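The structure appears below as structure tokens.
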Amino acid sequence: MQVSEFHLTAYSTALFSTWIFIEELGLLFDAGDGLSAGLLQKARKVKYVFVSHADRDHLAGLLQFQQLNGRADGPLIHYPADSGSFPALEAFSQRFDPHIRGEAWRGIRSGDALPIRDRITVDALRNDHITAPVEWAKSLSYRVWHKKWKLRREYLDLPGSEIKDLIAQRGRAAVSEEVATLMVGYSGDTPVEDYGRWDGAKLLIHEATFVRKEDQDRARNNRHSSLEEVLRMAAEIKIDQLVLSHFSSRYSAEEIDTTIRRYGREFRVTCPVYRLLPGQIHRDVLREEPVWSL
Ligand SMILES: [Zn+2]
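Now the structure itself:
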């Protein structure tokens, strides 16, 4: 499964709505307003929903999404376990639309890892968007991991037939080890925190609410990332592709793109950078022309 071939349909504008769908994984990150109207029939392909936090721009699309797509085998909606908004919405949805079958909502915590298909797992990480005690799950980032078997170093030079025999005799674990690749990282809403959580990502989708640093400085209790911080991080760690999301609608497409290129050059960002422009649905993000690439 090549991450660069993923089809992403996405909308993300700070304050208004965010939803990002990765078709090949049947995976939807966040469920803001306009989700069903934007995805149309494609919404049938959503199997797993992971909502990052309870701000309304990340969950307001859930009622209509469930009413159109709820069925016996899914979709499964995951949310931060200590957010009271989700159980309230679940209870309302069940009263409002009692015909929905198999409605399934699941609270998750930082460190939880959930298998979504064979050898692919999604884990949750606490982030600092909402001030809360560390043990509370109020705002989460998500990561998609792909586990593969890799031949142990000492067997690398052995011919294939001998490796086959060894596996037959001693089992796969004796000859190979499991290696987890970080396929996709999704920041949700968050300030830039420890770089290490995204290092090695084939694809990172990170919020970049503030294009101008002074706007971030002015909004001190607004716990979001600035474009400068995200691109500085992207230059320091290894990422194959970066998608920037959650821009404030105060910025024009031109200002966003010009600033991405300026920092891309200044920090020597080596991965291609895509962006979700305010007010626009992007229907195949990774097939667009990257705004920045070396
Ligand atoms: Zn938001």
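Residue numbering for the sequence shown follows the working numbering, starting at 1 and increasing by one per position. Note that CB positions come from ideal geometry on N, CA and C, so glycine has one too. Owing to the predicted nature of the structure, the values given are computational and were not obtained by experimental measurement.
- In the three-state DSSP reduction, R223 falls in the coil class, being neither helix nor strand.
- From the listed residues H146, R265, L277, the smallest Cα separation to E254 is found for L277.
- By the C-beta density criterion, T13 is buried, having at least 16 other C-beta atoms within 10 angstroms.
- Counting of Cβ neighbours within 10 angstroms places A37 among the exposed residues, the total staying below 16.
- Taking 7 angstroms as the cut-off, the C-beta of D112 does not count as close to any heavy atom of ligand 1.
- Between V175 and L151, the alpha-carbon positions lie close to 6 angstroms from each other.
- Environment of ligand 1, chain-ordered: A14, L15, T18, D55, D57, H58, D189, H246, taking every residue with Cβ within less than 7 angstroms of a heavy atom.
- Q66 counts as buried, since no fewer than 16 other beta carbons sit within 10 angstroms of its beta carbon.
- Looking at the DSSP output, A180 bridges to K147.
- L166 and E154 have their alpha carbons spaced roughly 13 angstroms apart.
- In the DSSP assignment, V243 falls within the unbroken beta strand (DSSP E) covering 242 to 245.
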